[in-house]
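Shown next, in structure tokens, is the structure this report addresses.
In UniProt numbering, the protein residues as written are 1 to 376.
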């Protein structure tokens, strides 16, 4: 039995989880989210006129362990500037020898335009390990509803591909919104997957028909009436949503109006097309003038900072390089263990409770309340 056959031989038999890293990916790389590795591009696939999928292999050829819906932070020198951006892994963890990222070319987007223009087979890219908690494996559900718009389709595509690969025949309704039929990412593949899995149903809604005169689907935006027509039992489903911020806000309002339980709603917590957000600024106060000493256990470096700053911001000023991306407590890239001391952390979903219990904190949204020793 070769290594690929062995890996699939160990796949879990339960439909409650799409992957179980502890049992079936014993040969896969444990790639910490704060550690950089080199990826080599294998191929580039044109999905639409402004969306491409980039397939990568690891430098040592080992498989990568991740959960469907997670993302990676890529790093590259673009026109003399070091840029880092988060991109969801669109491939499923059932195919761990190739890691795919599907990227929409954003007007004015430095990284997305560079990838579209420069990335080709053989070219390398630095990336941090998989991260994020937006995954179907985090919530057991007998019935799911996937709602996406634009390139927000990518994490839900990873979840759907994994389900089909494992033959789980899960009850999934997948509704994708696009500007025109020509902008529907993975259109043909989603239709083919629906043919392979009788309980997967796919629907598309477009704002306009564009050049496709024969379009027979609905034109406009997703409405409660349309949702109720396609998914009469939508209030009974676990909902996973990803897309531009405006779309996700509209979906939440629509579901609320329809009586869906907010506890069964999950969304990707950063706008994947927006790039790096500005770091939050704390209001000034007398307490904020207090200064603390931050020590780094591995490098033996140290710096001082005041309580008004985030640890990440102060570290950058001190010349300490810490992996980061969203700077909003969402992506988890700057997750670091606090060995000594306390911080005030206000995150936006980029860290799990069990990680917090183990002493990890997101430095981008953490302000010190004492001197600190960090595992850096």
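Don't be surprised by glycine CBs; every beta carbon is placed ideally from N, CA and C.
Cβ-Cβ separation, residue j to residue i (assumed contact under 8 Å), whole Å
| i | j | result |
| --- | --- | --- |
| residue 41 | residue 119 | 6 Å |
| residue 50 | residue 123 | Actually they are not in contact, since the Cβ atoms of residue 50 and residue 123 sit about 20 Å apart, beyond 8 Å. |
| residue 126 | residue 38 | 6 Å |
| residue 171 | residue 202 | At roughly 13 Å, the Cβ-Cβ gap does not stay under 8 Å, so residue 171 and residue 202 are not in contact. |
| residue 132 | residue 71 | 5 Å |
| residue 367 | residue 343 | 6 Å |
| residue 180 | residue 220 | With a Cβ gap of about 12 Å, residue 180 and residue 220 do not count as contacting. |
Straight-line Cα distance separating residue j from residue i
| i | j | result |
| --- | --- | --- |
| residue 373 | residue 108 | 39 Å |
| residue 31 | residue 200 | 32 Å |
| residue 320 | residue 362 | 16 Å |
| residue 324 | residue 350 | 12 Å |
| residue 57 | residue 138 | 26 Å |
| residue 99 | residue 290 | 45 Å |
| residue 64 | residue 85 | 19 Å |
| residue 78 | residue 234 | 44 Å |
| residue 158 | residue 89 | 7 Å |
| residue 262 | residue 145 | 13 Å |
| residue 173 | residue 101 | 23 Å |
| residue 364 | residue 334 | 7 Å |
| residue 147 | residue 352 | 23 Å |
Among the options, nearest to residue i - alpha-carbon criterion
| i | options | result |
| --- | --- | --- |
| residue 437 | 322, 318, 311 | This structure gives no information on residue 437, because the portion of the chain shown stretches from 1 to 376. |
| residue 242 | 87, 81, 76 | 87 |
| residue 388 | 55, 212, 356, 177 | The structure shown does not extend to residue 388, since the chain is modelled only from 1 to 376, so the question has no answer here. |
| residue 92 | 360, 130, 305 | 130 |
| residue 292 | 340, 249, 250 | 340 |
| residue 33 | 331, 212, 208, 193 | 331 |
| residue 299 | 67, 375, 116 | 375 |
| residue 258 | 246, 222, 208, 244 | 222 |
| residue 229 | 218, 348, 135 | 218 |
Cβ neighbour criterion (16 or more within 10 Å) applied to residue i
| i | result |
| --- | --- |
| residue 198 | exposed |
| residue 61 | exposed |
| residue 69 | buried |
| residue 265 | buried |
| residue 80 | exposed |
| residue 96 | buried |
| residue 268 | buried |
| residue 381 | For residue 381 there is no data in the structure shown, the boundaries of the chain being 1 and 376. |
| residue 121 | exposed |
Check whether the region 170-190 touches the region 141-151, counting contact only when three or more Cβ pairs, one atom from each stretch, lie closer than 8 Å. yes
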